[in-house]
Amino acid sequence: MFFFKRLRGLFSNDLSIDLGTANTLIYARGQGIVLDEPSVVAIRQDRGPGAGRSVAAVGLEAKKMLGRTPANITAIRPLKEGVIADFTVTEKMLQHFIHKAHETRIIRPSPRVLVCVPCGSTQVERRAIRESAAGAGAREVYLIEEPMAAAIGAGLPVDEARGSMVLDIGGGTSEVAIISLNGIVYANSVRIGGDRFDEAVVGYVRRNYGTLIGEATAERIKKEIGSAFPGDEVKEIEVKGRNLAEGVPRSFVLNSNEILEALQEPLSGIVGAVRAALEQTPPELGADVAERGIVLTGGGALLRDIDRLLEEETGLPVLVAEDPLTCVARGGGRALEVIDERGGDIFAVE
Amino acid sequence: MGSLLVAESDSEEYYFSEEGPGQRLQSAREALHLDIGSVARSLHLTRDMVHALEGNEYDRLPAPVFVRGYLRNYARLLGEPVEPILRAYSESNPAETDGQGALRTPNMEPQISANHFLVRLVTWGIAIGLLALLVIWWQGYLENGAPPPQTPNPTPEMEAETASALPPPRPIPGAADNQPASDADAPTGPAVAGDAAEIPPAADSPPAGDADAAAQTAETNPDAAGAADADAPEPAADADQPSVVLEFSNNSWVNIKDADGKTLILGELADGERRTLDGRPPYRIVLGRAQAVSLTVNGKPYDLGPHTQANVARFSLDPENVN
Numbered sequence: 003m004f005f006f007k008r009l010r011g012l013f014s015n016d017l018s019i020d021l022g023t024a025n026t027l028i029y030a031r032g033q034g035i036v037l038d039e040p041s042v043v044a045i046r047q048d049r050g051p052g053a054g055r056s057v058a059a060v061g062l063e064a065k066k067m068l069g070r071t072p073a074n075i076t077a078i079r080p081l082k083e084g085v086i087a088d089f090t091v092t093e094k095m096l097q098h099f100i101h102k103a104h105e106t107r108i109i110r111p112s113p114r115v116l117v118c119v120p121c122g123s124t125q126v127e128r129r130a131i132r133e134s135a136a137g138a139g140a141r142e143v144y145l146i147e148e149p150m151a152a153a154i155g156a157g158l159p160v161d162e163a164r165g166s167m168v169l170d171i172g173g174g175t176s177e178v179a180i181i182s183l184n185g186i187v188y189a190n191s192v193r194i195g196g197d198r199f200d201e202a203v204v205g206y207v208r209r210n211y212g213t214l215i216g217e218a219t220a221e222r223i224k225k226e227i228g229s230a231f232p233g234d235e236v237k238e239i240e241v242k243g244r245n246l247a248e249g250v251p252r253s254f255v256l257n258s259n260e261i262l263e264a265l266q267e268p269l270s271g272i273v274g275a276v277r278a279a280l281e282q283t284p285p286e287l288g289a290d291v292a293e294r295g296i297v298l299t300g301g302g303a304l305l306r307d308i309d310r311l312l313e314e315e316t317g318l319p320v321l322v323a324e325d326p327l328t329c330v331a332r333g334g335g336r337a338l339e340v341i342d343e344r345g346g347d348i349f350a351v352e
Numbered sequence: 023m024g025s026l027l028v029a030e031s032d033s034e035e036y037y038f039s040e041e042g043p044g045q046r047l048q049s050a051r052e053a054l055h056l057d058i059g060s061v062a063r064s065l066h067l068t069r070d071m072v073h074a075l076e077g078n079e080y081d082r083l084p085a086p087v088f089v090r091g092y093l094r095n096y097a098r099l100l101g102e103p104v105e106p107i108l109r110a111y112s113e114s115n116p117a118e119t120d121g122q123g124a125l126r127t128p129n130m131e132p133q134i135s136a137n138h139f140l141v142r143l144v145t146w147g148i149a150i151g152l153l154a155l156l157v158i159w160w161q162g163y164l165e166n167g168a169p170p171p172q173t174p175n176p177t178p179e180m181e182a183e184t185a186s187a188l189p190p191p192r193p194i195p196g197a198a199d200n201q202p203a204s205d206a207d208a209p210t211g212p213a214v215a216g217d218a219a220e221i222p223p224a225a226d227s228p229p230a231g232d233a234d235a236a237a238q239t240a241e242t243n244p245d246a247a248g249a250a251d252a253d254a255p256e257p258a259a260d261a262d263q264p265s266v267v268l269e270f271s272n273n274s275w276v277n278i279k280d281a282d283g284k285t286l287i288l289g290e291l292a293d294g295e296r297r298t299l300d301g302r303p304p305y306r307i308v309l310g311r312a313q314a315v316s317l318t319v320n321g322k323p324y325d326l327g328p329h330t331q332a333n334v335a336r337f338s339l340d341p342e343n344v345n
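Chains as they are written, first to last, in this note's numbering: chain A, 3 to 352; chain B, 23 to 345.
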């Protein structure tokens, strides 16, 4: 059995998977990012007695179904706050993604896989991720902590004897870490991310407009006019939602200052985590960070002016990495190469 | 340096030197009447770092990821378009900006791990060496001939095979008549047969002689002992067993069973009849009229008195114990 897996491995690429709450990205060695899809699975409950459940759609297709499904289809996000909430569905999703990353191949792929895990995840959560990847057909599974992968992907000199600070704002969690000599000196994970931003927008609109909007609409609002720091320009967006008093859909206009107000709570949580990290950092490394700055990665780094907010709050230079969404997956891919060159004990946490 | 690169902007053309976008940032800052100090405060950088950015002296600055961030923030502060500036930086430092060079192996010499090439080579060498030794030993073992099988409990099939494969045992002088079944059934091969041949003729020996013979066989081959024990008593029952004779002086009802539960005699026997028991002892005997029966074991009369109640005798008789 093992022999066949190895044989199939010859026809498979090594993959680095950023198994995120919002999006799953796969980086294939030598090819770059080969897959970037939402971590959403639509499950169909088959009709008839004794009928089971089957996967109706995965990824982009399934995301379109979120909140718009009939009774026999459920569109779910199998990851919550960076960890697996539904083991079986995650396994199916990974299987689909791994297969999609090898879709030109005839032989069923059996790649070596490196999966990024939040640094705050428990042993049980890590094991679930490991077994899920193994169940999806991986030959070997390595785990790496997300901030380390993010730092490598952003191009931080993690191997130097100098402190590098990275803040990865993902869909479910935000991870802050200080890295030196290929190791994490301090890491903290707060369960605040893009999802919490969306929830904050939904809550704000409900409180102030008496109108209910869906998470997909909230995400669109956040992407288009969301900002973390008051700017010179005020943007507006027209949205439609169900008016709670009248019970019918109504249209209204939101502006960027309102969204800024809505996002205050989750943003202050992230700022608090960064402050705590700076407090806990040994002074030498703190000085390095103060001199060079904090690097932002993850989808949350795309929120307008979040770097300016952190600059104002910490008094340190804050820089957004190139292509922050793919930093973790790219960093994982690079780590996989290093593991290949120098053995599995460099970055892998297990 | 030498030639100049041209970058498109929204309204006008800017000139970048090959070394980077520093000049453009400097001219934009001067146009806004900002001094280095205020820019450094706004960007939370040191004045030296701002000087280095404007002078395209990137070796005085940290890793490319930081430089790109500083340039982006600086351009944004000055209200300049970010992309042309970053592009100019990338063009002036193509090697540094690919991001992949950032991860170097540390200066520490890594320990040799289990999957290191040399470790694997040595491990395979040892494994192959052991395998070769095993093959050499096995070949030698086959050439020198295998030792006699040491299987402690051969299966009946194996015994049958052995018996059929081997030549028939030599007839044992004297013992042949007395132990036909033993010879036929004994799955002991020539060695056992030879031993049996050395045994003194069983006909001359007392009844216990067979047991001795079996014991002797057992000493030479424990496998044969079981078979001999199992097979020996049946022929012995005919030849060496003490004879039990019943003689009737009157009609009597009789029920006699042997050790296997086989009924030897059942029914009423008439006056003057005489029977000899030939089953496997001990016998379970019921005599309906004990007074009418005289029982002899090896010619010696056996007293039925102790077993008789109301003229009916019920007892178990083992002729060997009587002797």
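Where is the CB? At the ideal position from N, CA and C, for every residue including glycine.
message: What would DSSP say about valine 207 of chain A, mapped onto helix, strand or coil?
response: helix
Environment of glutamate 313 of chain A [buried if 16+ CB atoms lie within 10 Å]
The Cβ neighbour count for glutamate 313 of chain A, taken over all protein chains shown within 10 Å, is at least 16; the residue is labelled buried.
Would you call the CB atoms of arginine 332 of chain A and tyrosine 29 of chain A closer than 7 Å? The answer is yes: Cβ separation under 7 Å.
### Query
Rounded to the nearest angstrom, how far is the Cβ of threonine 76 of chain A from that of isoleucine 45 of chain A, given a contact under 8 Å?
5 Å
Would you mind telling me which residues of chain B sit closer than 7 Å to glutamate 217 of chain A, beta carbon to beta carbon, in chain order? For glutamate 217 of chain A, no chain B residue has a Cβ inside 7 Å of its Cβ, as the nearest lies near 31 Å away.
Residue-level contact to chain B via CB, arginine 294 of chain A, 7 Å cutoff: yes
Ordered along the chain, which non-local residues of its own chain (more than five positions away) have a Cβ less than 7 Å from that of alanine 151 of chain A?
Cys118, Val330, Gly333, Gly334 and Ala337
CB-CB length for lysine 225 of chain A against valine 203 of chain A, believed under 8 Å: Between valine 203 of chain A and lysine 225 of chain A the Cβ distance is about 11 Å, and since that is not below 8 Å, they are no contact.
(message) Excluding the 5 residues flanking threonine 71 of chain A on each side, which residues of the same chain have their C-beta closer than 6 Å to its C-beta?
(response) Ala77
**Message:** Let's see if you can read the secondary structure: which residues bound the beta strand (DSSP E) around leucine 17 of chain A?
**Reply:** 17-21
| task | Would you mind sorting glutamate 256 of chain B into buried or exposed? The rule is 16 or more other CB atoms within 10 Å of its CB. | result | Confidence at glutamate 256 of chain B is low in this model, with a pLDDT of 46, below 50, so the placement of that residue is unreliable and no value is reported for it.
Review point. Is there a Cβ from chain A that is less than 7 Å from the Cβ of glycine 44 of chain B?
Key: It does not: the Cβ of glycine 44 of chain B has no partner Cβ on chain A nearer than 7 Å.
Sub-7 Å separation of valine 160 of chain A and alanine 153 of chain A beta-carbons
yes
Distance cutoff 7 Å, beta carbons only. Does histidine 73 of chain B sit that close to anything in chain A? no
Notebook entry, point to check: If you compare alpha carbons, which of B:Gly91, B:Asp280 and B:Val308 is closest to glycine 289 of chain B?
Noted result: Closest by alpha carbon: B:Val308.
| query | Beta-carbon separation of aspartate 307 of chain A and phenylalanine 199 of chain A under 7 Å? | reply | Going by beta carbons, aspartate 307 of chain A and phenylalanine 199 of chain A fall outside the 7 Å limit.
### Task
Reducing DSSP to helix, strand and coil, say where alanine 258 of chain B ends up.
Residue placement at alanine 258 of chain B is poorly supported in this model, since its pLDDT is 44, which falls under 50; the coordinates are not used for a value here.
Q. In chain order, what residues of the same chain lie with their CB nearer than 6 Å to the CB of valine 91 of chain A, ignoring the 5 residues before and after it?
A. Cβ contact annotation for valine 91 of chain A (same chain, cutoff 6 Å, sequence separation greater than five): Val43 and Pro80, in chain order.
Original post:
Just how far apart, CA to CA, sit isoleucine 215 of chain A and asparagine 245 of chain A?
Top reply: 9 Å
- Item | Straight-line gap, threonine 318 of chain B to glutamine 331 of chain B (C-alpha atoms, nearest Å) | Cα to Cα, threonine 318 of chain B sits roughly 20 Å from glutamine 331 of chain B.
Check your understanding: Taking the Cβ atom as the reference point for each residue, do methionine 95 of chain A and valine 60 of chain A lie within a distance shorter than 7 Å?
Key -> For methionine 95 of chain A and valine 60 of chain A, yes; Cβs fall inside 7 Å.
Which word fits proline 132 of chain B, buried or exposed, when buried means at least 16 other C-beta atoms lie within 10 angstroms of its C-beta? Residue placement at proline 132 of chain B cannot be trusted, given a pLDDT of 46 that sits under 50; what the coordinates show is reported in the next sentence. Around the beta-carbon of proline 132 of chain B, fewer than 16 other beta-carbon atoms lie within 10 Å, marking it exposed.
With 7 Å as the threshold, decide whether the Cβ of leucine 280 of chain A is near any Cβ in chain B.
-> It does not: the Cβ of leucine 280 of chain A has no partner Cβ on chain B nearer than 7 Å.
* Given 8 Å as the limit, is there contact between the stretch 290-302 of chain B and the stretch 270-280 of chain B, that is, 3 or more CB pairs closer than that? -> yes
| query | Taking the Cβ atom as the reference point for each residue, do serine 176 of chain A and valine 187 of chain A lie within a distance shorter than 7 Å? | reply | no
Practice task
Leaving out five residues on either side along the sequence, give the residues of the same chain with a beta carbon under 6 Å from the beta carbon of tyrosine 211 of chain A.
Solution key: Phe254
**Request:** Only counting runs of 4 or more residues, tell me where the alpha helix (DSSP H) segments fall wholly within the stretch 128-170 of chain A, in order along the chain.
**Result:** 148-156
Name, in chain order, the residues that DSSP records as bridge partners for isoleucine 86 of chain A.
A:Leu81
- Task: Go ahead and pull the three-state DSSP assignment for cysteine 118 of chain A.
- Result: Residue state, collapsed to three classes: strand.
Quick check on valine 250 of chain A: buried or exposed, where buried means 16 or more other Cβ atoms within 10 Å of its Cβ? exposed
Is there a C-beta anywhere in chain A that falls below 7 Å from the one on proline 132 of chain B? For proline 132 of chain B, the predicted structure reports a pLDDT of 46, less than 50, and the residue's modelled location is therefore unreliable. The matter cannot be settled from this model.
- Take alanine 252 of chain B and list the residues in its own chain whose beta-carbon comes closer than 7 Å to its own, dropping the five residues that flank it on each side. Below a pLDDT of 50, predicted positions are generally treated as unreliable, and alanine 252 of chain B, at 44, falls in that range; the measurement from the model is reported next regardless. Around alanine 252 of chain B: no qualifying Cβ.
Exercise. Whose Cβ in chain C lies nearer than 8 Å to the Cβ of proline 113 of chain A?
Worked result: Among the protein chains in the structure shown, which are A and B, there is no chain C.
Rounded to whole angstroms, what's the CA-CA distance from aspartate 280 of chain B to leucine 164 of chain B? Just pull it up for me. Roughly 53 Å separates the two Cα atoms.
Inset, instruction - To the nearest angstrom, report how far apart glycine 4 of chain B and lysine 284 of chain B are at their CA atoms. - result: Outside the displayed span of chain B (23 to 345) sits residue 4 of chain B, for which this structure offers no information.
| said: Using only the alpha-carbon positions, how far apart do methionine 71 of chain B and valine 87 of chain B sit? | reply: 15 Å
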